[in-house]
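Asker: Can you keep this structure in mind? I'll have questions shortly.
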């Protein structure tokens with residue numbers, strides 16, 4: 266994980282943290298810069314003049330001081346690691362969806378619920394016997410049976 270301002274090459278990244286006071290974080294959230302969102306670096310910040318990113322269908326110019334407070338991780342770096350099922354991720358850990366398996370109906374249902382590739386999920390809690398588990402996904406809580414969570418392959422994100 267590194268600051269967005271220190272990125273040396275163009276590519277796809279996922280936002281893992283935003284530093285700063287709550288007012289600053291709220292302002293970035295209003296323009297679409299939210300933890301767990303994917304962005305593409307179009308031009309890097311060679312000097313302290315700023316950089317351009319592509320986020321949710323729009324191009325944004327960020328100055329060096331704002332970009333230095335956004336912590337990102339390369340999507341290429343994440344997918345080099347081994348994938349495991351969502352049901353095996355421990356409570357409180359974050360992961361990024363790599364692939365959704367299963368037959369056509371199950372896969373479509375999981376994709377319709379928002380479990381798409383490159384989406385960040387956090388295992389919020391599990392039931393006492395481990396089934397179902399609750400994940401935090403795109404700002405809402407989703408309960409999944411352990412059998413359904415086995416179809417979702419993820420890579421864990423260290424914090």
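Numbering (my numbering), first residue to last: 266 to 424. Note that the Cβ used here is the ideal one computed from N, Cα and C, for glycine as well. Owing to the predicted nature of the structure, the values given are computational and were not obtained by experimental measurement.
(1) Using beta carbons (cut-off 8 angstroms, strictly below), is residue 355 in contact with chain D?
(2) So residue 280 and residue 317 are in contact, right, with Cβ under 8 angstroms, and what is the actual spacing, rounded?
(3) When you compare only the Cα positions, how much space is there between residue 275 and residue 399?
(4) Which of the three DSSP states is assigned to residue 326 in this structure?
(5) Please determine, among 390, 332, 304, 295, the residue with the shortest C-alpha to C-alpha distance to residue 358.
(6) Closest by CA to residue 333, which one among 322, 272, 405?
(7) Could you tell me whether the stretch 362 to 369 touches the stretch 306 to 325, where touching means 3 or more Cβ pairs closer than 8 angstroms?
(8) Inspect the beta-carbon positions of residue 351 and residue 302 and report whether they are closer than 8 angstroms.
(9) For the alpha helix (DSSP H) containing residue 373, name the first residue and the last one.
(10) Over the uninterrupted beta strand (DSSP E) stretch that includes residue 407, give me the two end residues.
(11) Please report the straight-line C-alpha distance between residue 395 and residue 407, rounded to a whole angstrom.
(12) Measuring CB to CB, does residue 282 end up less than 8 angstroms from residue 300?
(13) Might you give, ordered along the chain, the residues of its own chain that have their beta carbon closer than 8 angstroms to the beta carbon of residue 384, omitting 5 neighbours on each side?
Answerer: Based on what the coordinates show:
(1) Structure shown: chain D not included; a single protein chain is present.
(2) Looking up residue 280 in the chain shown gives position 15. Looking up residue 317 in the chain shown gives position 52. In fact, because the Cβ distance is near 16 angstroms, the residues do not count as touching under 8 angstroms.
(3) What you label residue 275 is simply residue 10 of the chain shown in a count that begins at 1. What you label residue 399 is simply residue 134 of the chain shown in a count that begins at 1. Residue 275 and residue 399: Cα-Cα distance of roughly 35 angstroms.
(4) Position 61 of the chain shown holds residue 326. If DSSP states are grouped into helix, strand and coil, residue 326 belongs with the strands.
(5) As a working mapping, residue 358 is identified with position 93 in the chain shown. Measuring from the Cα of residue 358, the nearest candidate turns out to be 390.
(6) For the purposes of this step, residue 333 is taken as residue 68 along the chain shown, with counting starting at 1. Residue 333 has its Cα closest to that of 272, out of 322, 272, 405.
(7) Short answer: they don't touch.
(8) Walking along the chain shown from the start, residue 351 turns up at place 86. Walking along the chain shown from the start, residue 302 turns up at place 37. No, the Cβ-Cβ distance between residue 351 and residue 302 is not below 8 angstroms.
(9) Mapped onto the chain shown, residue 373 falls at position 108. 369 to 377 is the extent of the alpha helix (DSSP H) around residue 373.
(10) As a position in the chain shown, residue 407 is number 142, starting the count at 1. First-last of the beta strand (DSSP E) with residue 407: 405 to 409.
(11) The residue labelled residue 395 in the question sits at position 130 within the chain shown. The residue labelled residue 407 in the question sits at position 142 within the chain shown. If I take the Cα positions, the gap works out to 15 angstroms.
(12) Locating residue 282 in the chain shown gives position 17, where the first residue counts as 1. Locating residue 300 in the chain shown gives position 35, where the first residue counts as 1. Yes. Within cutoff.
(13) Residue mapping note: residue 384 aligns to position 119 of the chain shown, counting from 1. For residue 384, where only same-chain residues beyond five positions count, the Cβ hits under 8 angstroms are 301, 361, 362, 402, 403.
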